[in-house]
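Only one structure is covered here, and it is reproduced in the block below.
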Amino acid sequence: MKKFIIISLMVAMTLPTIACGWYGTDNYYLFSPYTGQAFKDRVEKICNDNWKAYIGDTSDNDWYSFHADDVLKAARQKGDALMVSYVENLQKYLKCVSVERDKQYEWDYPSKEEIAAQQRDLKAVRTYAQGKTSSKLRSQHALLFMRCNMMLGQHQENITFWEQTASQFIETVYKDMMKNIYAGALYKTGREMEAGQLFAEMDDYESLMSMYYLKRSYQAISQHYKQNPTSKALPWLLTDFVNNAQEAADAVNGGGGSIGKQFIRDINNQESWQMQQFCEMVVKEGKTDCPIMWKMAKAWLEFLSDKKKDAVDDILAATKLDGTARMKDNAHVLLLYITASQAKPGQAFDDYVADELEWLRGKQNETTGDSFFDAVENRLTNQVLIPHYRSNPVRLAAVAKALNSSCSGFDLDTLNVASTEKFLYYVNSPANTKLDKFLKRNIALNDTAMSDMIGTKYMRLCQWDKAIQWLNTVPISYYNEHRGKEYLYYSMVRQWDVEPWAKRQWLDSSQAWERDYKWWKHRKLDFCKEVQMMENSLNMLNGKALEQRCYNLATRYAQASIYGDCWWLLRDYKSCWDSVRVNEVDMAQKAVKMLQKAAMSSDLSLKRKALFALGYRELYNDVKKGPKYWMEWKWVEGESTEIYHRDSPQFLAFQALYNETGDQPQEDYIRKCDEYDVFRKYYRQHR
Amino acid sequence: MTLLLLAMIACEKQSSRKTLESGQAVYYWRTDLRLDSAEKSFLAQYHINKVYCRYFDVVMNDDGEPKPNATISFSDTLPDSIEIIPTVYITEDCMHETHEGLAEKIVKRIQQMNETNDIKNVREIQIDCDYTSKSRKRYYQFLEEVRKFWGETLSTTIRLHQLAMEVPPVDYGALMIYNTGDPRKWEERNPILDFRDVEPYLRRLDSYPLPLAAAYPVFQWTYTIQGVRVDRTVEAEVILQVKKAMESERGDLSNLIITYHLDKENIERYKPETYEEIYHH
């Protein structure tokens with residue numbers, strides 16, 4: 177039976193799925209008082225663009241990466257001997273760097289000889305580069321010289337070289353990189369404060385983090401301020417502190433998302449409170465040139481500490497203080513978020529939100545290369561607006577659709593069908609309010625897709641007449657154009673009249689790409705009509721005909737359930753984690769009820785088939801009360817242990833079947849069932 | 228008469244178990260072997276003769292392959308009188324499946340690191356892994372392979388809960404007498420060390436057939452609990468109470484004593500008398 181379950185799981189995992197396993201975090205940081213392009217990305221891009229231009233690459237590729245051979249070839253063609261020697265030496269230097277990397281992360285740890293060669297090469301490259309610091313490529317060679325010094329640990333030499341020579345060079349990306357190495361040398365020689373200023377000026381967050389990793393507490397930041405109230409590192413340190421406080425608050429509220437975020441430090445309420453007091457003191461002292469930043473930091477920390485009223489007062493005060501345009505925008509964002517999260521429902525709020533959303537969209541269009549305002553919209557939508565409109569399903573759906581909500585817990589596909597119909601009507605009717613105008617302008621709905629969705633929702637409720645009414649308006653071409661190859665393959669090949677307990681319709685999903693599968697008849701509509709007809713005539717039947725009809729209906733319900741082979745009737749996709757959702761009937765349990773009627777039959781063959789079907793474990797996956805299966809494994813003290821549930825419906829069905837057929841059943845379909853075989857072995861000894 | 232016989236068998240069993248040479252040791256768990264004056268004095272003051280030095284970690288990379296990580300640099304050397312024992316920490320998930328050649332790669336890397344950095348007279352290596360019943364079998368097979376490629380003394384760390392398992396194929400184990408509690412219940416019990424968490428394992432000590440060194444905690448534990456940072460250290464009295472109880476169950480646990488881990492802050496955390504008692508044989 178283990179094999180049976182494993183195979184089931186593996187097959188389920190090969191079905192068309194959506195990427196639901198991982199979502200990016202939506203707890204974007206809202207404290208962002210300055211913009212800056214990270215140093216490493218900035219210089220890397222400029223360097224690579226320079227190389228691209230040098231080799232004459234005119235392709236549209238936005239990103240070029242350095243290949244020494246290409247540059248050497250171009251340099252030789254141009255007769256540029258200096259560039260040839262520079263690149264050859266740069267290659268040597270990069271090889272030395274790779275030896276360092278091997279030391280850390282590779283199985284082949286460098287030998288003594290390799291390290292000696294590395295040191296030798298570094299010295300040789302250094303001497304070469306030093307000799308060319310007055311050449312046409314002086315900046316590049318000076319950078320190479322400083323890089324070698326850095327690797328050799330000759331930091332003082334780099335300080336002297338920068339201060340006496342390189343700092344006089346013209347402004348280039350190479351000079352920026354030299355300045356960065358100079359800052360590193362200052363740090364290595366104990367001149368931390370100066371190094372921090374330079375790293376902050378350059379937006380070198382990695383270096384700032386390395387420097388201040390253990391100096392990010394309230395205590396450390398307040399001491400830093402006392403030494404230099406206008407230190408350029410302060411905005412960075414304050415931002416780091418506030419964002420870590422947000423991370424801690426989000427984690428408490430279950431919304432934390434440390435995936436992909438580095439260097440998180442946890443801030444407790446005590447430390448946050450100390451920082452709030454400190455921010456207030458900084459504003460009052462008047463030594464800072466950006467009081468707005470400190471005041472809004474205080475407001476945001478208060479909000480995160482659940483002091484909502486204080487947060488409102490302080491963020492309002494912050495908006496009146498001095499600071500850069502970005503800081504003012506940031507204060508605007510925080511005012512929006514703080515007030516919206518406390519607002520009562522009503523027209524005034526709706527109008528306010530409409531204006532603010534227009535403002536946010538405007539900011540998104542204004543800024544390039546900075547996704548802050550997109551992140552604000554995301555967090556505002558998921559954490560404020562979706563909860564705010566939770567009791568108004570139509571507005572909720574509109575907000576979610578217009579603002580592309582994800583990770584908010586709202587899913588149009590599971591909204592009840594009545595609200596979905598109202599939502600469709602809402603979208604297609606004229607807007608009356610500011611907010612409706614904004615939302616409707618930003619909603620792109622496909623009416624046919626909506627008809628399919630509503631029709632399918634009625635199918636999930638087994639309301640076949642309404643399902644037929646909606647699905648009738650959906651042309652077959654819609655499915656052929658809007659469903660993936662795997663969906664079309666499964667839906668064309670799998671049949672709903674095959675008893676799933678007797679035969680699983682295993683398919684090789686790779687076949688979906690072998691042929692162009694298309695619907696040529698409306699599979700969903702056909703199913704609805706067939707089941708509707710079968711249900712409607714139940715009252716007219718009796719005896720064996722009725723029992724057989726029940727069995728046949730059970731087959732169709734079981735196939736249409738999420739665990740059936742024809743899951744595609746009620747869903748567009750399936751994953752192995754899926755189960756019966758809200759606003760849908762448990763089709764498997766509906767099948768069970770029909771099978772119970774069929775199992776009462778005096779027709780021995782039908783009775784046995786129905787009892788056998790009642791032992792089908794996929795029918796019980798969503799049972800809410802009592803045990804689901806007749807047997808399961810549990811980890812007890814580190815060992816896998818079998819637990820038997822003699823009161824489970826599956827056990828009772830197998831027991832009835834055993835009593836009916838004896839220990840050696842004649843029917844092939846019973847004998848070949850490995851799960852029933854396990855049951856027989858158990859039951860023989862434990863009657 | 229029966230009781231006497233049992234006692235004799237018990238004595239015989241105990242005496243047949245190898246015992247470790249007496250010594251004082253520390254773990255060194257940073258990424259650069261660079262000792263400040265306080266750390267150097269500590270080594271001398273407590274006659275430390277072994278340093279279990281973490282050379283590198285082995286972690287699963289994104290391609291599902293074990294790779295070295297956080298390799299140590301050697302800015303300093305240890306005094307000649309101190310034996311260095313290269314120690315490798317392997318994350319438990321590396322043992323969820325068999326990785327061909329892993330043992331050989333680790334041994335070769337250690338040997339190369341020794342050669343490159345002029346570290347001589349290395350006679351032993353230690354592997355640290357928080358193996359569970361799921362990974363135990365693979366881990367033991369892996370240790371067998373390490374032993375084959377290494378050829379000299381091999382030890383492994385043993386967590387208290389691992390005392391209930393079959394013994395690993397090594398020369399001795401370093402019993403980690405720390406991280407005994409459930410971090411989620413940090414308010415009730417100290418997760419680093421609490422006598423109540425150690426007590427259930429005491430009865431297993433004497434019958435555990437492998438020679439054991441005892442490793443005691445002197446570090447500070449920092450953990451994030453629902454967004455709140457929690458720091459914990461162990462009271463000196465607790466360490467000494469546990470040591471006493473452990474040694475009364477199994478006397479040879481006082482032969483080789485290790486503290487985790489050498490660091491200026493940890494040195495300053497306890498009084499010299501405490502360290503003297505911890506290292507007392």
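If you read the protein sequences in the order shown, they are chains L and W. Start counting at 1 in the first sequence, then tack on 176, and there's your number in this note's numbering. Start counting at 1 in the second sequence, then tack on 227, and there's your number in this note's numbering. In this text, a Cβ means the ideal position worked out from N, Cα and C, and glycines have one as well.
It is roughly 11 Å from the alpha-carbon of Arg659 (chain L) to the alpha-carbon of Trp744 (chain L). Nearest neighbour of Glu464 (chain W) by Cα position, chosen from W:Arg430, W:Leu420, W:Thr318, turns out to be W:Leu420.
Taking 7 Å as the threshold, the shortest C-beta distance from Ser685 (chain L) to chain W does not fall below it. DSSP places Thr632 (chain L) in the helix class (H, G or I) of the three-state scheme. Residue contact with chain L for Arg336 (chain W): present (Cβ-Cβ distance below 7 Å to some residue of chain L). Closest in C-alpha terms to Ile385 (chain W), from the list W:Tyr255, W:Val349, W:Ile404, comes W:Ile404. Chain order gives the chain L residues near Met340 (chain W) as Tyr285, where near means a beta carbon separation below 7 Å. Below the 7 Å Cβ cutoff, chain L contributes Tyr281 as neighbours of Asn296 (chain W), in chain order. Listed along chain L, the residues sitting closer than 8 Å to Lys332 (chain W) by beta-carbon distance are Trp283.
At least one beta carbon of chain W lies nearer than 7 Å to the beta carbon of Lys288 (chain L).
Boundaries of the alpha helix (DSSP H) around Gln861 (chain L): 850–861. Taking the Cα of Ser667 (chain L) as reference, the smallest distance to any Cα among L:Leu746, L:Ala730, L:Lys613, L:Gly366 is reached at L:Leu746. With its beta carbon less than 7 Å from one in chain L, Thr343 (chain W) belongs to the interface.
Tyr363 (chain L): member of the alpha helix (DSSP H) spanning 349–364, first to last residue. As summarised for the stretch 469–499 of chain L, the continuous alpha helix (DSSP H) elements at least 4 residues long and confined to that stretch are 484–494, given in chain order. Think of a sphere of 8 Å around the beta carbon of Ile291 (chain L): the chain W residues whose beta carbon falls inside it are Thr343, in chain order. Under the DSSP assignment, Ile346 (chain L) falls outside any alpha helix (DSSP H); it carries neither an H nor an E label. In this structure, the beta-carbon distance from Glu447 (chain L) to Tyr394 (chain L) falls below 7 Å. Distance from the Cα of Lys375 (chain W) is smallest, within the candidate group W:Thr325, W:Glu503, W:Lys332, for W:Lys332. Per the Cβ contact rule, the stretch 573–588 of chain L is not in contact with the stretch 229–243 of chain L (fewer than 3 Cβ pairs under 8 Å). Collapsing the DSSP output to three states places Val756 (chain L) in coil.
For Ile354 (chain W), the enclosing beta strand (DSSP E) starts and ends at 351–355. Under the DSSP definition of a beta bridge, Thr817 (chain L) partners with L:Lys810. In the same chain as Phe321 (chain L), and ignoring 5 residues on each side of it, the C-beta atoms closer than 8 Å to its own belong to Arg302, Ala305, Gln306, Thr309, Phe337, in chain order.
Ranked by Cα distance from Ser824 (chain L), the options L:Lys504, L:Gly802, L:Leu782 are led by L:Gly802. Contact annotation: the stretch 534–544 of chain L does not touch the stretch 628–639 of chain L, with fewer than three C-beta pairs closer than 8 Å. The criterion of a C-beta distance shorter than 7 Å is not satisfied by Phe548 (chain L) and Val418 (chain L). Contact between Trp677 (chain L) and Ala789 (chain L) is confirmed by a C-beta separation of about 4 Å, below the 8 Å threshold.
Between Leu621 (chain L) and Val603 (chain L), the C-beta gap is smaller than 7 Å, which places the two residues in contact. At the C-beta level, Leu319 (chain L) and Met354 (chain L) come within 7 Å of one another.
Where Glu342 (chain W) is concerned, there is no enclosing beta strand (DSSP E), although the alpha helix (DSSP H) around it starts and stops at 329–343.
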